[in-house]
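Its first residue numbered 1134, the sequence shown is counted upward by one per residue in the working numbering. Here's the structure we're looking at; comments come further down.
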Amino acid sequence: MHFDENNPLDIVLNDLFEHYRQNVADVDKITKALLDKGVIASQDDIVNDHIAFRTLGVPHLGIQSFEKIFLKYGYTKRDYYYFEGKKLDAYWYSPPATHYPRIFVSELRVADLSETAQAIIYRYTKGIKSDPIDGLDLKNGNAVAEFLQTPLWDLPTSEDYQALLAESEYAAWVIYNRYYLNHYTISIHELKDGYNTLEEFNSFLTSVGVKLNTSGGVIKTSDDGLLRQSSTVSALYEAEFADGKSLEIAGSYVEFAERSVLPAHKDIPKDQIQPHHRRDGFETNNADKIFESTYTTQIKGS
Ligand code: OOG
Ligand code: NI
C-alpha cells in the first residue's frame, strides 16, 4: 500500500488495514498464496478496489457523520443505493487520486425496524448528543485512526445482540463491530494472466481452502455485465459481551472485483488501459448479496 507518513489519509487507511489484516485470517492467507504462486511480489502489488464501512442511522451518527472524514480527505460523494429488504441506504465515494481505494458506506435505516429493535439501538446510542466527528482534528491522521478503533457506545449484552440478530444481521454486526473495516477488495483485473478473471481467481481461492459467499451465485454480475464481484464468508469469532457471556459472531471478510473496459474504450490496446477506462461505481443487486458475507445463513451454510 502507498504510504506517506505525513498524509493523514495514508495514516488512516494504513491503520484500518493493519487492524483488519490482523483480525481476518483470510487476508494474509490469500496474500501468501499469491506470493507462493508468484502472482505478486508483495502485498503492495495488490490493487485495493474499495473498502467498506457500516453505520447506524441515528442522530449524530450514520453516513452524514462518517463521511465527513473522507470528504475532508478529498473523496467525492457519488451514487446512492437503497436496499429495501435489508433496510439499508448506501453511497460510494470516489478517491482523490487513483492509488487510493473507492469507499462504500452503508447505513441502517433504524426507523424502519421494529419498536423493540429500535429501542435496543437507541439505548446504546442515546448518550451521543453531538456528532463525534466534529470533535476530531481531521488533520491529525493518528487521532482519526484511533477514533475509528474507539467504541462510541457500550459493549452490548448477549441478549440485545441476539435480539438484533433475529431481526437484522446488519444491526447486530454494527452494534458489536462498530467502525471496523468491513472488507478490502482485490482488483482481479490488475493481476497477471491466469488469475485476472473472476472464474480463474475463484478456482485459485477454492484450491487454497477459502470459502466463498454463494448468495445469488458465487459471481455477482451487474446488469451491464461489466462489474463482477465475489467475496469470502466471514469467519466466526469468539466475542465477549457485557453480561459476561461469549458468543461466536461474524467479523469482516475479503472481496474480489473484476471491472471490465467500457464499450467506448474497447479498442484501446491492453497495455494502455487505465483505471478510468473501466466500469466504475457499484451495483445494487451485487451489493445486496455481498452484505450477506457476514450473515449467519452464509456462515453456517455448507
Ligand atoms: C457492503 C456490501 C456491498 C459492494 O462492493 O457492493 C459491497 C457490506 O457488507 O457492508 O461491498
Ligand atoms: Ni464491497
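Ideal Cβ positions, reconstructed from N, Cα and C, are used throughout, including at glycine. For clarity, every value in this text was computed on a predicted model and none was experimentally measured.
### Query
With 16 other CB atoms within 10 Å as the buried threshold, where does PRO1284 fall?
Here residue 1284 corresponds to residue number 151 of the sequence shown, with the count starting at 1. PRO1284 should be labelled exposed.
#### Entry: Check whether ILE1144 and GLY1274 have beta carbons under 8 Å apart
What you label residue 1144 is simply residue 11 of the sequence shown in a count that begins at 1. What you label residue 1274 is simply residue 141 of the sequence shown in a count that begins at 1. Against a cut-off of 8 Å, the Cβ pair of GLY1274 and ILE1144 comes out as a contact.
### Query
For ALA1383 versus ALA1158, is the C-beta spacing smaller than 8 Å?
Here residue 1383 corresponds to residue number 250 of the sequence shown, with the count starting at 1. Here residue 1158 corresponds to residue number 25 of the sequence shown, with the count starting at 1. No, the pair does not count as a contact, with Cβ atoms beyond the cut-off.
### Task
May I have the straight-line CA-CA distance separating GLN1197 from TYR1214, to the nearest angstrom?
Counting from one through the sequence shown, the residue named residue 1197 turns up at place 64. Counting from one through the sequence shown, the residue named residue 1214 turns up at place 81. Looking at the two C-alpha atoms, the distance is approximately 15 Å.
### Query
Just to confirm, does GLU1388 get its C-beta within under 7 Å of one of the non-hydrogen atoms of the ligand NI?
For this step, residue 1388 is matched to residue 255 along the sequence shown. Checking the Cβ of GLU1388 against the ligand NI gives yes.
### Query
To the nearest whole angstrom, what separates the beta carbons of ILE1308 and GLU1391, a pair I think is in contact under 8 Å?
Position 175 of the sequence shown, counted from the first residue, corresponds to residue 1308. Position 258 of the sequence shown, counted from the first residue, corresponds to residue 1391. Contact flag wrong, Cβ pair sits at about 33 Å.
### Task
Kindly examine the ligand OOG and report whether one of its heavy atoms sits closer than 7 Å to the Cβ of GLN1431.
Numbered from its first residue, the sequence shown carries residue 1431 at position 298. Not so, every heavy atom of the ligand OOG lies at least 7 Å from the Cβ.
### Message
Between which residues of its own chain and ALA1244 is the CB-CB distance below 8 Å, once the five residues before and five after are set aside?
### Response
Mapped onto the sequence shown, residue 1244 falls at position 111. So the list reads GLY1190 and GLN1251, once near-sequence residues are dropped.
### Query
Since LEU1298 is in the alpha helix (DSSP H), which residue starts that stretch and which ends it?
Start at 1 with the first residue of the sequence shown, and residue 1298 comes out as number 165. Start and end: 1291-1300.
### Message
Could you check whether GLY1207 and PRO1229 sit closer than 8 Å to each other, using their CB atoms as the reference points?
### Response
Here residue 1229 refers to the residue found at position 96 of the sequence shown. Here residue 1207 refers to the residue found at position 74 of the sequence shown. Contact: yes.
### Query
Any heavy atom of the ligand OOG within a distance shorter than 7 Å of the CB on ASN1419?
Translated into positions along the sequence shown, residue 1419 becomes position 286. Yes, since a heavy atom of the ligand OOG falls inside the 7 Å radius drawn around the Cβ of ASN1419.
### Task
Would you check whether the ligand NI has a heavy atom nearer than 7 Å to the C-beta of HIS1316?
As a working note, residue 1316 is residue 183 in the sequence shown. Answer for HIS1316: yes, Cβ within range of the ligand NI.
### Query
Are the beta-carbon atoms belonging to LEU1146 and ILE1202 less than 8 Å from one another?
Working through the sequence shown from its first residue, we reach residue 1146 at position 13. Working through the sequence shown from its first residue, we reach residue 1202 at position 69. It is not a contact, given that the beta carbons lie outside the stated cut-off.
### Query
Any heavy atom of the ligand NI closer than 7 Å to the Cβ of PHE1150?
Within the sequence shown, residue 1150 is the residue found at index 17, counting from 1. Flag unset: Cβ of PHE1150 not near the ligand NI.
#### Entry: Own chain partners of SER1227 with C-beta closer than 8 Å, once the 5 adjacent residues on each side are dropped
Here the question's residue 1227 lines up with position 94 in the sequence shown. Here the set comprises TYR1208, THR1209, ARG1211, ARG1235 and ASP1413.
#### Entry: Straight-line gap, ILE1179 to GLN1407 (C-alpha atoms, nearest Å)
In the sequence shown, the residue the question calls residue 1179 occupies position 46. In the sequence shown, the residue the question calls residue 1407 occupies position 274. C-alpha separation (whole angstroms): 16 Å.
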